[in-house]
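Scroll down for the structure; my scribbles are underneath it.
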Amino acid sequence: MENNSSIKENVDSLFSNLEKFLKTETVVGEPIVVGETTLVPIISVAFGCGTGNGQGGDKKESQGGGSGLGVAAKITPNAIVVIKGDKVNLLPVSGKNSLDNLIDLVPGIVSKIKPKKVEKNSSNIKKAD
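According to the numbering used here, the sequence shown holds residues 11 to 139 in order.
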């Protein structure tokens, strides 16, 4: 009987904290501001869990038992809402030209995200002996 109450406590604890995990920000991400453009990620969340319990014995009347609980979550980006001035566009993340469309809508995004290249100076290059 102890195993049943232990599993019930684990499952109750899991689902009581589930509300904290699956909050609004996990579906509509935090806005990202790049210059005059705001990007809002749209995300899907899949969640599953399972539990099991078993008891048994052998011919020598030894008793044993066990229980288990498994949880899985998958977070997938679906789209990005691009807000620039009065224009709002929804760009799906999966698709052939999604990244190209995003770069077209936010022309300065690449220069703000990519690190600047360091120019090489020939005086800094040492020759091998």
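All C-beta atoms, glycine included, are put in the ideal place defined by N, C-alpha and C.
Under the three-state reduction of DSSP, which class applies to residue i: helix, strand or coil?
| i | result |
| --- | --- |
| Val50 | strand |
| Asp139 | Bear in mind that the predicted position of Asp139 carries a pLDDT of just 48, short of 50, making it too unreliable to give a figure here. |
| Val37 | coil |
| Met11 | The pLDDT assigned to Met11 is 46, lower than 50, so where the model puts this residue is not dependable; a value taken from the coordinates is nonetheless given after this. Met11: coil per DSSP, three-state reduction. |
| Ser77 | strand |
| Lys18 | helix |
Among the options, which residue has its Cα nearest to the Cα of residue i?
| i | options | result |
| --- | --- | --- |
| Ser77 | Lys18, Val38 and Gly64 | Gly64 |
Taking residue i as part of the beta strand (DSSP E), name the residues at either end of that continuous run.
| i | result |
| --- | --- |
| Lys97 | Lys97 to Pro102 |
Return the chain-ordered list of same chain residues with a C-beta closer than 8 Å to the C-beta of residue i, the five sequence neighbours on each side being excluded.
| i | result |
| --- | --- |
| Ser16 | Ser77 |
Excluding the five sequence neighbours on either side, which residues of its own chain have a C-beta within less than 7 Å of the C-beta of residue i, listed in chain order?
| i | result |
| --- | --- |
| Pro51 | Gly39, Pro87 and Ile90 |
| Met11 | Its pLDDT being 46, under 50, Met11 is placed unreliably in this model, and the value from its coordinates should be taken loosely. Cβ within range, chain order: n/a, list empty. |
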